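Working notes, beginning with the structure itself.
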Amino acid sequence: MSAAQAPPSPPVLAPPAVTDEDAARSLDRSRVHRARLGGRRWSLMWLLVGPGILAMLGENDGPSMIAYAADGAQYGLGFFVPFIPLLFAMAYVCQEMCMRIGAVTHRGYGELVLQRYGSVWGWFAAGDLTLTNLVTLVAEFVSIRVGLAYFHLGSVVAVALGLVLVVFTFSGGRYWRWERIVLGMALFNGLFLVAAILVKPHVGAIASSLDFSPFPGGSFNTLLLLLASTIGATVTPWMIFFQQGASADKGMTPRDIGHGRYDTAVGAVLAAIFGVGALIAGAALLTHGGAGIQGFAGAGFPEALRHVAGNAAGVVFALGLIEAGAVAILTISASTAYAAAECVGAVHSFNTSPRQAGLFYAANFGIALVAAIVILIPGAPLLSIALNANVLATVLLPVSLVFMLMLANDRGLMGAWANRRSTNVIAVAVVSFVGLCGAAYGIDSFLLAVHVGG
Amino acid sequence: MAPPQTRAAKTRRSAAVAADPVGVDFPVHPEAAAEEELIMHLEPDQFVAETSRAVPRARLRGGAVFALWALRVFVVVVSAMVIYTFVEQLH
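Chains as they are written, first to last, in my numbering: chain H, 28 to 481; chain L, 60 to 150.
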């Protein structure tokens, strides 16, 4: 019987093209639906937190914590105790936009910039990110090495630890699993708060520093370096790529934006508290005037703290540095992987296996591997790299922030979820402040270097 | 040797059994029912097939394009200054 003579068959719905990535994400979403339908608020919160806390605590990385401790050791508590929370409030403004864009568009930052504003801008943003991430990852391995040096362990152990962690988190082919492992590790960022308690600070001195005084002294260039490195320790390009990519990978939707805001706010509050903890621990070394601590050399701060506040404070600070470096290696590598795979249009999700998303996993491991190799090169200028990582990130940050602002205002993409006027006023102020600080430092340092060199 | 089953295929099979346990005539293809069960928690624009489709290019005004280029040039120049300073510091 020919096809033309066959009796009409009942309509059959063609199955949509469903990938493993869809299946895994749908499984996670089904738990969110059940929690929402059952009115289980805390369960829903538990299911939806992740990208915001990881971005914020990931940015409390080794170099950042050493920068905060160095600020405390050199200038004391004044100015920085209120300044660090203020910076995390600025970070919240930026990261909330990333989360919202990811939840509404279900796409990463890199692919949206590339598709919406052209490949030149997209690749430029990815290039910015790769450069700053590589430099920052080197600094993360250095901070792990500083922490391990306290326990008389060397660079090879630091490299092995970082790379093994990256590979370990790949197992399972699920975003949920990756997120929960890194989240569990990130909570140990609280070790810096423990270190602050162990140095027995004067509560009165902390309270009296909340009025931004005394303002740090020194030359104009020193002040700019301080501002640029502290801002670079709080708001960075990788956070933008990471939180937007992770929000999309997690499967967040516009209905989850409220919880995404809680997630980001909790992350900002925790990061500010732990950052101030590192500052307070560092301030115990104020009598040293910051001299001779050599934050990135030898056992640096942990060893100095041991002399001032005892072995427990040194051990806790050293473990904190190892944790901060390790978590940052995982999140920063992930942001590089999202950016690289998004820009070439390859699969970019932890809800896939390494076989299905080769480029994504290769970029993730590859950048960590390159940074690890740099650490092992004898005579590499690791100290200068680590010190300048935050500054470079600050200088390159305005580009990422401007495009993020444009995406968040793009009504064609965001619809009703586009930025309000009040959000724009704050966001423009944040972008301008960060941009001005970074540019002023870059220009001032350059003029100083040319003058000295000449 | 049979090819290894993907996670999506395994979930499809178990969902198909659940959707049509006694094999009664079913107007919707069992595979489609399984897919429905599998993906019902995703929004339509959340599927990989959908997110793989490029979003249309934004139309920027001349002023915006000029401002973006100015920003790029500015950042490249300032970055070069920072890198030069970094290299000078090494010496």
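Glycine residues also receive a C-beta, built at the ideal position from the N, C-alpha and C atoms.
Bear in mind the structure is a predicted one, so any value in this text is a computation, not a measurement.
Subject >> Interface residues of chain L facing Arg-127 of chain H [CB-CB closer than 7 Å] >> reply: The contacting residues do not exist; Arg-127 of chain H stays about 15 Å from chain L at best.
**OP:** Could you tell me whether the Cβ of Arg-116 of chain L comes closer than 8 Å to any Cβ of chain H?
**Re:** yes
Original post:
Would you say Tyr-143 of chain L and Ala-476 of chain H are within 8 Å of each other, going by their C-beta atoms?
Top reply: yes
Original post:
How would you call Thr-261 of chain H, buried or exposed, if buried means at least 16 neighbouring beta carbons within 10 angstroms?
Top reply: buried
Original post:
Exposed or buried, Ala-223 of chain H, counting other C-beta atoms within 10 Å across all chains shown (16 or more means buried)?
Top reply: buried
Original post:
Straight-line CA distance for Glu-138 of chain H to Val-354 of chain H?
Top reply: 25 Å
**OP:** Taking Gly-103 of chain H and Ala-310 of chain H to be in contact with their CB atoms under 8 Å, please state how far apart those CB atoms are, rounded to whole angstroms.
**Re:** 6 Å
**OP:** Could you confirm whether any beta carbon from chain H is found closer than 8 Å to the beta carbon of Val-132 of chain L?
**Re:** no
Subject >> Phe-106 of chain L at chain H interface by Cβ criterion, 8 Å >> reply: yes
Original post:
Can you list, in chain order, the residues of its chain whose CB lies under 7 Å from that of Ala-399 of chain H, leaving out five sequence neighbours each side?
Top reply: Phe-168, Val-186, Gly-189 and Leu-190
**OP:** With a cut-off of 8 Å on the beta carbons, I'd call Val-157 of chain L and Ile-470 of chain H a contact; round off their distance for me.
**Re:** For chain L, the structure presents residues 60 to 150; residue 157 of chain L sits outside this window and is missing.
**OP:** Select from H:Gly-406, H:Leu-253, H:Val-371 and H:Gly-439 the residue whose C-alpha is nearest the C-alpha of Ser-182 of chain H.
**Re:** H:Gly-406
Original post:
Looking at the C-beta of Ala-129 of chain L, does it have a partner C-beta in chain H at a distance below 8 Å?
Top reply: no
Original post:
Under 7 Å Cβ-Cβ, which residues of chain H neighbour Val-145 of chain L?
Top reply: The sequence given here has Phe at residue 145 of chain L, not Val. Correct list: Ser-411 and Asn-415.
Original post:
Cβ of Leu-218 of chain H less than 8 Å from any chain L Cβ?
Top reply: no
Original post:
Are Met-83 of chain H and Leu-297 of chain H closer than 8 Å when you measure CB to CB?
Top reply: yes
**OP:** Starting from Phe-387 of chain H, trace the alpha helix (DSSP H) both ways and give me its first and last residue.
**Re:** 385–403
**OP:** Would you mind sorting Val-342 of chain H into buried or exposed? The rule is 16 or more other CB atoms within 10 Å of its CB.
**Re:** buried
Subject >> Same chain only: Cβ atoms within 8 Å of Gly-442 of chain H, ignoring 5 sequence neighbours per side >> reply: Val-131
Original post:
Apart from the five residues on each side of it in sequence, which residues of its chain come closer than 8 Å, Cβ to Cβ, to Trp-148 of chain H?
Top reply: Val-140, Leu-141 and Phe-430
Original post:
Among H:Ser-170, H:Glu-206, H:Ser-91 and H:Leu-156, which residue has its Cα nearest to the Cα of Ala-275 of chain H?
Top reply: H:Glu-206
Original post:
Going along the chain, which residues of its own chain have a beta-carbon closer than 6 Å to the beta-carbon of Cys-464 of chain H, five neighbours each way excluded?
Top reply: Leu-254, Ala-255 and Ile-258
Original post:
When burial is assigned at 16 or more other CB atoms within 10 Å of the CB, is Thr-157 of chain H buried or exposed?
Top reply: buried
Subject >> Residue-chain proximity (Thr-46 of chain H, chain L), Cβ-Cβ < 8 Å >> reply: yes
Original post:
Looking only at C-alpha atoms, which of H:Ile-171, H:Pro-425 and H:Val-226 sits nearest to Phe-126 of chain L?
Top reply: For the record, residue 126 of chain L in the displayed sequence is Ala; it is not Phe. Closest by alpha carbon: H:Pro-425.
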